[in-house]
Amino acid sequence: MKALTVTIRRFDPDRDREPYYQTFTVQVNEGARVLHVFHAIHDTIDPTLSYRYSCASGQCGSCAVRVNGEPVLACMEEARNHSTIEPINLSVKKDLVVDLLPKLEEIASFLPKKETTLPKKQEIDAIKPLRDCIECLCCLSVCPAVDVTKFLGPTAMRQEMRLALDPRDRGDRVSDAVRDGLFTCTSCQACWKVCPKEIEIPGKAIEKLRAYANKRGFTLPRHLEVAALIRETGRSVPRTAESFLEQVPEVLEPYGPVKATVGFFVGCMYNLRQQQSALDAMEVLRRNGIRVIIPKEQVCCSSPLIRTGQLDYVDTLKKRNIEAFRFRGIDTVLTMCAGCGTTLKNDYKTPFKVIDINELLTQYGIEPPARLPIKATYHDPCHLLRGQGIRDQPRELARLVVELVEMPAICCGSGGGVRSGNPEEAAALGKRRGEEIKKSGAEIVITSCPFCEFHIMGHTDKPVKNIATVLLEGYREKDRKKAAGTKN
Ligand code: SF4
Ligand code: SF4
Numbered sequence: 029m030k031a032l033t034v035t036i037r038r039f040d041p042d043r044d045r046e047p048y049y050q051t052f053t054v055q056v057n058e059g060a061r062v063l064h065v066f067h068a069i070h071d072t073i074d075p076t077l078s079y080r081y082s083c084a085s086g087q088c089g090s091c092a093v094r095v096n097g098e099p100v101l102a103c104m105e106e107a108r109n110h111s112t113i114e115p116i117n118l119s120v121k122k123d124l125v126v127d128l129l130p131k132l133e134e135i136a137s138f139l140p141k142k143e144t145t146l147p148k149k150q151e152i153d154a155i156k157p158l159r160d161c162i163e164c165l166c167c168l169s170v171c172p173a174v175d176v177t178k179f180l181g182p183t184a185m186r187q188e189m190r191l192a193l194d195p196r197d198r199g200d201r202v203s204d205a206v207r208d209g210l211f212t213c214t215s216c217q218a219c220w221k222v223c224p225k226e227i228e229i230p231g232k233a234i235e236k237l238r239a240y241a242n243k244r245g246f247t248l249p250r251h252l253e254v255a256a257l258i259r260e261t262g263r264s265v266p267r268t269a270e271s272f273l274e275q276v277p278e279v280l281e282p283y284g285p286v287k288a289t290v291g292f293f294v295g296c297m298y299n300l301r302q303q304q305s306a307l308d309a310m311e312v313l314r315r316n317g318i319r320v321i322i323p324k325e326q327v328c329c330s331s332p333l334i335r336t337g338q339l340d341y342v343d344t345l346k347k348r349n350i351e352a353f354r355f356r357g358i359d360t361v362l363t364m365c366a367g368c369g370t371t372l373k374n375d376y377k378t379p380f381k382v383i384d385i386n387e388l389l390t391q392y393g394i395e396p397p398a399r400l401p402i403k404a405t406y407h408d409p410c411h412l413l414r415g416q417g418i419r420d421q422p423r424e425l426a427r428l429v430v431e432l433v434e435m436p437a438i439c440c441g442s443g444g445g446v447r448s449g450n451p452e453e454a455a456a457l458g459k460r461r462g463e464e465i466k467k468s469g470a471e472i473v474i475t476s477c478p479f480c481e482f483h484i485m486g487h488t489d490k491p492v493k494n495i496a497t498v499l500l501e502g503y504r505e506k507d508r509k510k511a512a513g514t515k516n
């Protein structure tokens, strides 16, 4: 047995005006789960503690709670000392018990056809990954789109897709999904990452439903315009100034000995809208011994088309990009756009390795920059944090230059075609991001995605800087100090 202390958010609507936090210390066995802690509190300290459970084996989904902010099943999560345990982010009935029913009632039910055809093997295989839901609603509780729109949420979309695939169902699941907010999903992937059954809702339900919706003429007008621009120019944003690709030679040699050679995949935003961030990154790479090859015939990675379900032209773009790097014998392709990186890593089959700039710089180690007297916060781009699992590396790099303060890793609202297709939703999520930046007390915001960079700029009065720019500022300060020292 061991002693374990946890803090639990309490609220009894019949007694309390506000929720409050209460700390308990209980004796539990080694390896105890969070649910065992609840039982121990209930049985030995406070029998009024309310929590829900049934199977206690990860099968029924009824014991979902948040532990240190993350939705988990209490019966499966190992209890850790000094954890804070709260209800999932839904209407609270009492303590850790939330009102699931209104949300479960919104999830579509099967509507059997009079004459049924059994699903074919291919249909069964497609349905399978969508069928494992245990209705814990962890996904719904983290969905940013649900917070600011009337979106029914990830598991409702999962069910629409599951039914759309079933030949025995007679519902019009595609138009229902469009009505229920299909185009409000920001592709943040938060639902997938918290799902105890690991159901890949963004890729296996939402993007697929959007592709069906495209065939039925439901694609949003702004998304159609972006697709037309890509077909016409190979790029998803219009040209307004000299592009990055026009400003650089095909090969950038490092200033010192070559430590590594990479191909650089620039992406539309860094090529045409945030050129300076990409130019700053090239300077950082050259300073750190990285030889960069930049094929000029590369085009849009196709993420704006995949995320919005417009798939007709995707293979053409993929082929052009793969060929541009393969032709030069490049075995490692570097990305600095979180969206391009996640697309190249997860939606392509590449004959080369794809690496994000934060991974590359931390892997090889960099020349230490000078420190700047700045307090900064870091915004996790969804497609870097959840799409590529990159959390610590950008923080490690940023801490070389600035003092870093944390803020919650929430979606800024720029992804999934939401900024172009649903600007009001994007603005509402951007505003929320801006408020968290303000609360953090930081003087600047650092990020590592051009979409986030561009979008957040509109929702904070603090400067928003790319991680590469911050490193370069550290190097410039170092050079300045060295030059001043030399003169002195
Ligand atoms: S990807 Fe993000 S926005 Fe889309 S359904 Fe999942 S949690 Fe919601
Ligand atoms: S999809 Fe996953 S997270 Fe969402 S309700 Fe079902 S099991 Fe829970």
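Residue numbers for the sequence shown follow our numbering, beginning at 29 and rising by one. No residue lacks a Cβ here, since even glycine has one placed at the ideal position from N, Cα and C.
Open item on the list: Check for me: the alpha helix (DSSP H) holding Q421 runs from which residue to which?
Closed with: 420 to 427
- [ ] Measure the C-alpha to C-alpha separation of I234 and E188 and round it to an integer number of angstroms.
- [x] 9 angstroms
Open item on the list: Looking at the secondary structure, which residues open and close the beta strand (DSSP E) in which E270 lies?
Closed with: Note, E270: premise wrong, no beta strand (DSSP E); not H, not E.
Task: V222 vs C166 beta-carbon contact at 8 angstroms - done: yes
Task: Complete beta strand (DSSP E) runs within the segment 153 to 201 (minimum length 3 residues, chain order) - done: none
- [ ] Would you mind reading off the limits of the beta strand (DSSP E) that contains T112?
- [x] 111 to 115
Task: Rounded straight-line distance, which links the Cα of E501 to that of K515 - done: The pLDDT assigned to K515 is 45, lower than 50, so where the model puts this residue is not dependable, and the model offers no usable value.
Task: Beta-carbon contacts of I474 that lie in its chain and below 6 angstroms, excluding the five residues immediately before and after - done: A404, Y406, A426, K493, I495, V498
Task: V222 beta carbon near ligand 2 (any heavy atom closer than 7 angstroms) - done: yes
Open item on the list: So, for V446: in the same chain, excluding its five sequence neighbours on each side, which residues have a beta-carbon less than 6 angstroms away from its beta-carbon?
Closed with: T214, E453, A454
Open item on the list: Beta-carbon within less than 7 angstroms of D204's beta-carbon, same chain only, minus the 5 sequence neighbours each way: which residues are those?
Closed with: A136, E188
Task: 7 angstroms CB neighbourhood of R315 in its chain, flanking five on each side removed - done: Y283, E395, Y503
- [ ] Mind checking who Q50 pairs with in its DSSP beta bridge?
- [x] I36
Task: Identity of the residue in N450, R399, Y81 nearest N508 by Cα - done: It should be pointed out that residue 508 corresponds to Arg in this sequence rather than to Asn. If we check each option's Cα against that of R508, R399 comes out closest.
TODO: Classify K122 as helix, strand or coil using the three-state DSSP reduction.
DONE: strand
Task: Minimum Cβ-Cβ distance from V342 to chain C less than 8 angstroms - done: Note that chain C does not occur in the displayed structure, where there is just one protein chain.
Open item on the list: Taking only three categories from DSSP, how would you classify Q87?
Closed with: coil
- [ ] Within the same chain, show all residues whose beta-carbon is closer than 6 angstroms to that of S468, passing over the 5 residues directly before and after it, in chain order.
- [x] T405, V433, M435
Open item on the list: Taking 7 angstroms as the cut-off, is the C-beta of T214 nearer than that to any heavy atom in ligand 4?
Closed with: This structure lacks ligand 4; its bound ligands are ligand 1 and ligand 2.
- [ ] Please name the residue in D359, I385, C91 whose C-alpha comes closest to that of S305.
- [x] I385
Open item on the list: If you reduce the DSSP assignment to three classes, tell me which class I358 lands in.
Closed with: coil
Task: T363 vs V342 beta-carbon contact at 8 angstroms - done: no
- [ ] Below 7 angstroms CB to CB, which residues in the same chain sit around R45 once its five sequence neighbours on both sides are set aside?
- [x] none
Open item on the list: According to DSSP, simplified to helix, strand and coil, what is K221?
Closed with: helix
- [ ] Just mark T336 as buried or exposed, buried being the case when its beta carbon has 16 or more other beta carbons within 10 Å.
- [x] buried
Open item on the list: Can you check which of these residues, Q391, N109, Y81, is closest to L32 by C-alpha distance?
Closed with: N109
Task: Y376, enclosing beta strand (DSSP E) - first and last residue - done: Premise fails: Y376 is in no beta strand (DSSP E) and is neither H nor E.
Open item on the list: Taking only three categories from DSSP, how would you classify Q55?
Closed with: strand
Open item on the list: Could you check whether the segment 154 to 172 touches the segment 81 to 100, counting it as contact only if at least three pairs of C-beta atoms, one from each stretch, sit closer than 8 angstroms?
Closed with: yes
Task: Residue range of the beta strand (DSSP E) that includes P99 - done: 98 to 101
Open item on the list: If you measure between the beta carbons of L77 and D123, is that distance less than 8 angstroms?
Closed with: yes
- [ ] Using 7 angstroms as the cut-off, classify the Cβ of P182 as near or not near the heavy atoms of ligand 2, replying yes or no.
- [x] yes
- [ ] Tell me the start and end of each unbroken alpha helix (DSSP H) in the segment 272 to 328 that is at least 4 residues and wholly inside, in chain order.
- [x] 272 to 275, 296 to 300, 303 to 315
TODO: Check whether the Cβ atoms of I465 and I402 sit closer than 8 angstroms, and answer yes or no.
DONE: no
Open item on the list: For a minimum of 4 consecutive residues, which ranges assigned as the alpha helix (DSSP H) are wholly contained in the segment 330 to 359?
Closed with: 331 to 335, 342 to 354
- [ ] Under 6 angstroms Cβ to Cβ from P478, same chain only, skipping five residues before and after it: list those, please.
- [x] M297, Y298, Q302, C365
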